[in-house]
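Protein chains in written order, with our numbering: chain A, 507 to 803; chain B, 125 to 411; chain C, 1119 to 1481. Where a beta carbon is used, it is the ideal one built from N, C-alpha and C, also for glycine. Note that this is a predicted model, so its numbers are computed, not measured.
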Amino acid sequence: MKNNKFKGWLYLLPALLFLAVFMIYPLIDVFIYSFEEGYNSASQTSFGVGLYNYSYVLHDPYFLQALKNTFILVMITVPLSTLISLLISVGLSSIKPLRNLFQTVYFLPYVTNTLAVGMVFMILFQKTPYTDGLANLIVTFFGGEAVDFIDGPYWAKMFVLCFYTIWVVMPFKILVLTSALASVNKNYYNAAKVDGTGAFRTFTRITLPMISPTMFYLIITGFIGAFKAYSDAVALFGTDLNAKEMNTIVGYVYDMLYGNSGGYPSYASAAAIILFAIVLTITCINLTVSKKYVHYS
Amino acid sequence: MDKNKLRKRALTKKAVKNTVTYTLLTLWAIMVLFPFYWMILTSLKSYGEYSNEFIPKLYTLLPTLENYKDAFTQVPLGQYFLNTVIFTLVTTFIMLLVTVLAAFAFARLDFKGKDLAFTILLSLMMIPTELVVITNFVTITDLGLRNTFAGLILPSVTSVFYIYLLRENFAQIPDELYYAAKVDGTGDMKFLLKVMVPICRPTIVTITILKVIECWNSYVWPRLITDDQAYFLVSNGIQEIRENGFGRENIPAMMAAVVAVCVPLIILFLIFRKKIMAGVARGGTKG
Amino acid sequence: MKVVFQHLTKKFASRSGGAKKEVIAVNDFDYEIPDGTLVGLLGPSGCGKSTTLNLICGLIEPTEGRIFFGEDDVTDVPCEKRGVGMVFQNYALYPHLTVKQNIIFPLQNLKGKDKLTKAEMEEKALRAASLVQIENLMDRKPSELSGGQQQRVAIARALVKMPRILLLDEPLSNLDARLRLQTREEISRIQRQTGITTVFVTHDQEEAMSISDIIVVMKDGVIQQTGKPQDVYDEPKNLFVAKFLGTPPINTFDGEVKNGSLYIGDEAVLTVSGVADGKVVAGIRPEGFIPKADGHFTCALSQVEVMGRDITVVAKHPAAHNPTVRAIVSSDNLSAINGEKVSFDLKENKVFLFAPDSGERLF
């Protein structure tokens, strides 16, 4: 009983060591990096302190491209994936036979390697001298012109990126929404039925408010996740994302750190902090908006 | 109003609703499964067959396992597998050790500064990895740990969320159990291992599986910290295969590698389906 | 093994309503529990009885004072070295272990020269199990047992290392009425069979009275009275003890002593000697009433409850503290009790007088 004061810390020590070295120190350090001008990673020296790194990043065409890509990606995939997953979850909750099978199938993308499956999407959408690819088969069937989705026009590449991103994030959303729908008390539905409430009205007036906290959670994590998109893009377009105009903010950070254009931890830090600021702002906006619409029982 | 007519209308309405629902669900199921079908199909086509299909065929009449042989002989896929297994096992093991000890301290022991430490822990949950990766990259590089397992593993160990999850579970165990053990002269460590861990086994299994999935699929960190193929994991390994792989655009062989990379986790998933889904629903997010 | 408390005091820091306050859970506890007795710590919730139990056990340390087991000062001895066995209110059985593993668990902690072989452990576990008659349940998990069975397992686990003191925290509170009766006999039997000094905590006075050799009545961290259950019941030291013991509870009235007579209302109901004149609180046990047509104590009759051997007369009296006065009388009187009023004589030894302000016993 007397040595309790130390004992607690002793048990905590391993976790503390790991957290201190790989989370808390880096968290402080990243801010320092971002303000150190002309930091040289080889000699570990810098010229001075200031906002130059931020200014450089914000004027870098690659960063602006990445910013634009990320925003388009977020604005398309978050609403779409949330909506589709809601639709599917509601469908899933209304059936009995095959429900488990569907649920299992829908969850598969969660456990598969993003990089590996991305390559399947690549060959499905790629147009090469040898083949137009399966996706173009459908495009031409509807009278369109075959287009290279992987190395072609910007909109086509963005389409595949959004498509794949939605495919990847759906399992989580479907799973969470289905369990939220299952936890809505059946009595509400019975009461609505007795009152003669129609299916659509039941959905908008009972189901949606009851699962609104979950929806809200999904939207917030959806935004955060989409802003941090990177692996999906690499999976589809390869590691040289700048050349393909398909980089994301996180991709820009890593490229600044390492690879052909790497070696600039200061720029990387500035970009990472800008990203963090954007995510924080969006999350705060979400929180404010949600107060109006989310119903907590 | 006619009763029969009413019932008939209700039945028709239900049938229509069911048809629409099942069609929609089946459509999405195809959307999910098709890439898997396509990768398996392509991996079974010979290089010649695949290259000659300007319009890709949805089936093959001459399945071959040649591509799988190529995937494991022409590129070091076996090496990537071995690396990933070592990385996953060691990282998960250390994570469990660290997490169980920390969760126990937070849930059961009283010590000065506990509340403050726990608050800091909670706030760390909000920190995106992207912010800390930069310094970790520099730290590991400065330590000369690039292209080593230590460099791969050490920064991947901590999972604040798992500590939190396990602490919540530990905290549900009634105090009396702890006092009863104490009266009987049970030490803290023995109580943790003999009582708390077995009682919370479901949660521990869940975080283990989630961590295994996370490790198996991790891409960013391995890519940053290794450029020697001898230390590639499957994710950056497969990317390497894609960019500098089989010498020519050997898509079927590439797909064989992709299948090989996906299969272990799919098997794990099918075995622990309920546990994994419950665990993820409790708060896992991908990546 | 006798247990001696010397000026035992335990204060807790509590933070209620923002202000830091000190709560005295146990206040200057001075008592000696004789060797081999079954002692019931009795009191309303929050009276400090559980704290006292935890102090004996060693789960918490006293703020002041000392505890002795026999001649050993155990105040600074950690609980695992005190050689106590404890049965917790919710039993605290390890849910993932079988009954047998639960009982053996404490034995596996023994180290050095006390270390037991597997066979010895099994034998001891079996002996403890047979003492509480659960030999046939050894391979079950706690979740497969009824409440009463879980209770027995918990007792077996506490007994298996032959503790110097056995402690039970509200041992019957989680059981249903029938099991309660059975289990309290069981506890008393086990205690007599093993001769281990046993302390148990309860808020149920009937439970405490029925099996304890000695009861210790507590209130607000202070001992009110100790002694054999019947002695405490017959001679309560203060109003609190008188009210706390007995079912139905004692009837209390505003009264006044004038010239050696007790007046309740306008009637002189009893002659009391040696009590100074003045206002008093009069307590009359339900069995202290004798129905008598010309009795001095008259109440308005509201109801008669027949219970077989006895009947309960429910009546009203303007000076009574409670809305109803309950008297238990022999059923022979049933025919005599009717109409609007009922009159009684009082048994002198069932009437107690207390000072209105301090509650101290006057008579």
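Could you name the residues of the same chain whose beta carbon sits closer than 6 Å to that of residue i, not counting the 5 residues immediately before and after it, in chain order?
i: Asp1257/C; result: Thr1216
i: Tyr539/A; result: Pro771, Ser772 and Ser775
i: Gly411/B; result: Bear in mind that a pLDDT of 36 at Gly411/B, under 50, signals an unreliable position, so the model cannot answer this.
i: Gly1265/C; result: Asn1292 and Leu1293
i: Val336/B; result: Thr212 and Thr216
i: Ile804/A; result: For chain A, the structure presents residues 507 to 803; residue 804/A sits outside this window and is missing.
i: Thr1193/C; result: Arg1184 and Ile1185
Does residue i pass the burial test, meaning 16 or more other C-beta atoms within 10 Å, or should it be called exposed?
i: Met507/A; result: Confidence is the limiting factor: at Met507/A the pLDDT is only 43, short of 50, which leaves the residue's position unreliable, though a coordinate-based value still follows. Exposed, by the Cβ-count rule.
i: Tyr1381/C; result: buried
i: Met676/A; result: buried
i: Trp345/B; result: buried
i: Ile277/B; result: buried
i: Phe1130/C; result: exposed
i: Leu1173/C; result: buried
i: Met250/B; result: exposed
i: Ser359/B; result: buried
Below 8 Å on the Cβ atoms is my guess for residue i versus residue j; work out the distance and round it to an integer in Å.
i: Tyr560/A; j: Ala774/A; result: The pair is not a contact, with the Cβ atoms about 12 Å apart (cut-off 8 Å).
i: Leu1284/C; j: Ile1314/C; result: 5 Å
i: Lys633/A; j: Met752/A; result: Their Cβ separation, rounded to whole angstroms, is 16 Å, which puts Lys633/A and Met752/A out of contact at 8 Å.
i: Ile1308/C; j: Leu1249/C; result: 6 Å
i: Gly1339/C; j: Asn1145/C; result: 4 Å
i: Leu1476/C; j: Thr1442/C; result: The question names Leu, yet the displayed sequence has Ser at residue 1476/C. About 27 Å; that fails the 8 Å criterion.
i: Tyr636/A; j: Leu742/A; result: Between Leu742/A and Tyr636/A the Cβ distance is about 19 Å, and since that is not below 8 Å, they are no contact.
i: Phe729/A; j: Val800/A; result: With 8 Å as the limit, Phe729/A and Val800/A do not qualify as a contact, their Cβ atoms being about 15 Å apart.
i: Asn606/A; j: Asn341/B; result: The pair is not a contact, with the Cβ atoms about 25 Å apart (cut-off 8 Å).
Excluding the five sequence neighbours on either side, which residues of its own chain have a C-beta within less than 8 Å of the C-beta of residue i, listed in chain order?
i: Phe709/A; result: Val596
i: Asn1440/C; result: Asn1369 and Thr1370
i: Ser587/A; result: Thr671, Ile672, Val675, Met676, Lys679 and Gly728
Which residues in chain A have a C-beta closer than 8 Å to the C-beta of residue i? List them in chain order.
i: Thr282/B; result: Ala521, Phe524, Leu525, Phe528 and Met529
i: Ile390/B; result: Leu614, Val617 and Thr618
i: Pro279/B; result: Phe528
i: Ile251/B; result: Met529 and Leu533
i: Cys386/B; result: Thr618, Asn619, Ala622 and Val623
Keeping to the same chain, check which residues put their C-beta closer than 7 Å to that of residue i; ignore five residues upstream and five downstream.
i: Thr409/B; result: Any reading at Thr409/B must be qualified, since the residue scores a pLDDT of 47, below 50, and its modelled position is unreliable; the value itself is stated next. So the list is empty, once near-sequence residues are dropped.
i: Ala1360/C; result: Pro1354, Ile1368, Gly1401 and Phe1470
i: Ile726/A; result: Thr789 and Asn792
i: Phe1407/C; result: Ala1445, Val1447, Phe1462 and Leu1464
i: Gly1413/C; result: Ser1461, Phe1462 and Asp1463
Just list the residues that DSSP pairs residue i with in beta bridges.
i: Cys668/A; result: Per DSSP, none; premise fails for Cys668/A.
i: Asn1356/C; result: Glu1478/C
i: Lys1139/C; result: Ser1132/C
i: Lys1376/C; result: Ser1379/C
i: Gly1203/C; result: Leu1284/C
i: Glu1150/C; result: Val1122/C
i: Glu1304/C; result: Partner(s): none; Glu1304/C has no beta bridge.
i: Ile1429/C; result: Val1424/C and Val1447/C
i: Ile1185/C; result: Phe1123/C
i: Met1336/C; result: Ile1341/C
i: Glu543/A; result: Gly554/A
For residue i, return the contacting residues in chain A, with the cut-off set at a CB-CB distance below 9 Å.
i: Tyr343/B; result: Asn619, Thr620, Leu621, Tyr736, Ser737, Val740 and Ala741
i: Ile337/B; result: Tyr616 and Val617
i: Asp312/B; result: Lys513 and Tyr517
i: Pro346/B; result: Under the 9 Å cutoff, chain A gives no residues; its nearest Cβ is about 10 Å from Pro346/B.
Could you list which residues in chain B have their beta carbon closer than 7 Å to that of residue i, in chain order?
i: Asp485/A; result: Given that chain A is displayed from residue 507 to residue 803, the structure contains no residue 485/A and the question cannot be resolved.
i: Val1202/C; result: Val307
i: Pro659/A; result: The contacting residues do not exist; Pro659/A stays about 22 Å from chain B at best.
i: Ser775/A; result: Ile258
i: Met752/A; result: Within 7 Å Cβ-Cβ: nothing; Met752/A doesn't reach chain B, min ~15 Å.
What residues from chain B crowd round residue i, counting only those whose CB sits closer than 9 Å?
i: Phe1318/C; result: Those do not exist, as Phe1318/C stays about 15 Å from chain B at its closest Cβ, beyond 9 Å.
Listing by chain order, which chain C residues have their CB less than 8 Å from the CB of residue i?
i: Gly403/B; result: Ordered by position in chain C, no residue passes the 8 Å Cβ test against Gly403/B, which lies about 20 Å from the chain.
i: Val144/B; result: None at all; the shortest Cβ gap to chain C is about 45 Å.
I want to verify the contact list: residues of chain C whose CB lies under 7 Å from the CB of residue i, in sequence order.
i: Leu255/B; result: Ordered by position in chain C, no residue passes the 7 Å Cβ test against Leu255/B, which lies about 37 Å from the chain.
Residue i versus chain B: which residues are under 8 Å apart at the beta carbon?
i: Leu1177/C; result: Tyr303, Lys306 and Val307
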